[in-house]
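Protein chains in written order, with our numbering: chain A, 4 to 258; chain B, 4 to 629.
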């Protein structure tokens, strides 16, 4: 019995060996093929990320808050959008306070990070939820960077040459925003090549996003303003006040 | 085969000269702020003032001001200028090609000038309100400029002091007091040591005599600092490469520092690593799994050897490889020749910032983290255009100083750009050079320079200089030597000549390539256009013509290379280096090499509408893995 068993064992062993051999013979070309394919793939870096990691959370001190936009330096490269009201207080109250924002990027506007929830730090390891998003994000005043291409730089040389701005529609000018007592007093001051005041543009409307940017880039005092040109100011007033036309400001930025 | 040979010959004959002609910057045109202690201010030609930092680039027209602080400026080749507290030095002229002079103006304060290598007599000249001083030999010089007079001391070497009516040669151990053009008699230097002298000695002691073990002779002066902050290893096929010792896990080249706009150069990387000057303005960065980033030395200076990308509201940049292609690191595989028009977002070599944060004082603080970059999956990074990059310039010139808020700008208006930009042609849009041929900030105060009448001592040719000096020596008369008045040129005229594009172009004809496959570098470093078929041919030519660089530390090879650097190129037209800009953005100037004069270039029109990238598709997908 023992002998036979051993024969059987040997037979089985032989069978196994032959199976392994066959498997090896089959596997070698497969492995080789796989190697070649993988090497070929490795020669070209994948242009699409394998699994894009989503950003979920930023923690830091709020530097600027205006309209529904927050600037958190820790959220490098993004503007945070808060759609809806806080449980108490306004967004502006969060300036210089430490918060934790959870949310996601807007797919079509990758520079925007939509806050799903905001927690306010109230003590060591103590966070209080002050915002939970319930509404859909409406980007009514957001200015798409690609839109910049549609705005032509305005070349104002003289306030008595209305042809330089009339009928232009979407334009951009480089100047300084003078904020008056009320939004009705807002003016954009244009300068000539010597730095002297050349003209002023009456700001009828300015978007929160534009004002958010002016505040965010607080180290700068002059910006590119993206405007929708409206009515020309009367010649007499123009000479007196240097105000040349009315416009809606849709964005202000460094370029 | 015949076709191949014929093509190669064709390329060598017709294309290669163009490639060589597109050599970049003259490396001694820009000085390095090597050491800063205390309150030091840099005032640029655009009238902006900024707290000076180590590795700042100093160019013609800059004014370096020390308040309660000291600074050391390196001109290269071991030539340094050291400034005491409350000193003002203006960089009147920096050499744009071999043989040109460095001209400084000490407005007030004290300086030491340590010159270790001079190519010619009077290569360095220092002007003050009281006299002009022309350096004749390598040595150590001190100038103390007060509101009343200037004391010039020659601790080592020799120099010629020029006043209203005479010039005096000062030799080792001699000093002279000059006041408003009147030169006093020479005397021996007193053995008085002030704190500035002690500090100078301290700085001198730090100057370790570097051995040229790994670096080419042109970069020998950086050997010590690289030795201290990294190690050299032998890496095929490059030879000895330098591996930095870094403590940050996210460290990568061109990440810890900032971008600064210089009108004469363009966007320039200011590294925060104290050793960064050499490795970010020369050479190329590569990466290998198990080793990390390593630096391959080459000898051409550039503001930053990076490739720019742009998408949506973001700019990105990656180091250029030795082949002057953007590098890619994905899944621990390094690609040194990336040709696709869209850059992969998950490459570890990539740094991305929001466009309005390009000028942030600390790039690493505003740069998107790796996970954030990957989150931008909906955007495609394409080659950025120079017009787009340069459009930020105007804003930068108009911004208040970031580092020193208390400092007010000298000139409030910065809108001159718009006027200047309007008439620009696309060909000129390379890297934004001030349209003003001479920095407009501070014209030379003619009333200060007039009494000196330094222009009387216009440069002589070396033979004349030697003979003249010999006569003075032989006659034993060191002081009171009269200078031939026929050589006198009005200062204004002299300056006009300095800025004349044609004259500068002539002088630029004498550009000399450095060793270490310099021609290869110069050729590859200046592609005209990615979309151009010429570009492809250049790449091919470069890849075929020049084998891999291989630096050996043996002295014989170094000497050999050194010798090879003495040949001169025929009729080289200096063009601004474009390697700091995306190659796609560079207009094809190879067809009109003479059409560009660096002095005439102006920043691009900011009013021009960005039209998106013009990345090449002809070469898409051709990747060579290392």
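For each residue, glycine too, the CB sits at the ideal point set by N, CA and C.
Minimum Cα-Cα distance from residue 127/A among the listed residues 101/A, 135/A, 199/A, 235/A corresponds to 101/A. For residue 145/B, the three-state secondary structure derived from DSSP is strand. Beta-carbon to beta-carbon, residue 384/B and residue 324/B are separated by about 17 Å, too far to satisfy the 8 Å threshold.
For residue 379/B, the chain A residues whose Cβ falls inside 7 Å of its Cβ are 113, in order along the chain. In the DSSP assignment, residue 203/B falls within the unbroken alpha helix (DSSP H) covering 198-209. 379/B is the residue among 80/B, 145/B, 379/B, 259/B whose C-alpha sits nearest the C-alpha of residue 116/A. Closer than 7 Å to the CB of residue 371/B there is at least one CB belonging to chain A. No Cβ-Cβ contact shorter than 7 Å links residue 166/B with residue 136/B.
Cβ-Cβ distances below 8 Å link residue 113/B to 86, 87, 90, 145, 146, 147, 148, 199 in the same chain, with the five nearest sequence neighbours on each side left out; the list follows chain order. The beta carbon of residue 108/A falls within 7 Å of a beta carbon belonging to chain B, placing the residue at that interface. At a cut-off of 7 Å between beta carbons, residue 315/B contacts chain A. Of all alpha-carbon atoms in 46/B, 191/B, 381/B, 209/B, the one lying nearest the alpha-carbon of residue 228/B is that of 209/B. Going by C-alpha positions, residue 360/B is about 26 Å away from residue 343/B. Interface annotation, residue 172/A: not in contact with chain B, CB-CB separation never under 7 Å.
By the rule that beta-carbons nearer than 7 Å mark a contact, residue 147/B does not touch chain A. Residue 39/B and residue 72/B have their C-alpha atoms roughly 7 Å apart. Contact note: residue 358/B reaches chain A through 148, 256, 257, 258, using a C-beta cutoff of 9 Å and chain order. Among the residues facing chain A, residue 382/B is included, as its CB has a counterpart in that chain under 7 Å away. For residue 153/A, the three-state secondary structure derived from DSSP is helix. Counting along the chain, residue 82/B sits inside the beta strand (DSSP E) bounded by residues 82-86.
For residue 107/A, the uninterrupted beta strand (DSSP E) run begins and ends at 101-108, by DSSP. By the CB criterion at 7 Å, residue 253/A and residue 229/A fall inside the cutoff.
Shown here, residue 389/B sits in a helix according to DSSP, grouped into three states.
The beta carbon of residue 177/A sits closer than 6 Å to those of 227, all from its chain and outside the five residues before and after it, given in chain order.
Of all alpha-carbon atoms in 160/A, 112/A, 72/A, the one lying nearest the alpha-carbon of residue 104/A is that of 72/A.
Proximity to residue 186/B across 193/B, 303/B, 169/B peaks at 169/B, based on C-alpha coordinates. Inter-segment contact for the stretch 154-167 of chain A and the stretch 214-221 of chain A is absent: fewer than three beta-carbon pairs are separated by less than 8 Å. Residue 57/B has its alpha-carbon roughly 15 Å from the corresponding atom of residue 306/B.
Residue 176/A is bridged by DSSP to 228/A. When the Cα atoms are used, residue 238/B and residue 244/B turn out to be separated by approximately 6 Å.
From the beta-carbon of residue 220/A, the residues of chain B found nearer than 7 Å are 359. At a beta-carbon threshold of 8 Å, the residues of chain A lying near residue 355/B are 80, ordered along the chain. In the DSSP assignment, the residues bridged to residue 296/B are 290/B. Proximity to residue 158/B across 353/B, 310/B, 204/B peaks at 204/B, based on C-alpha coordinates. In this structure, residue 95/B lies near residue 106/B, with their beta-carbon atoms less than 7 Å apart.
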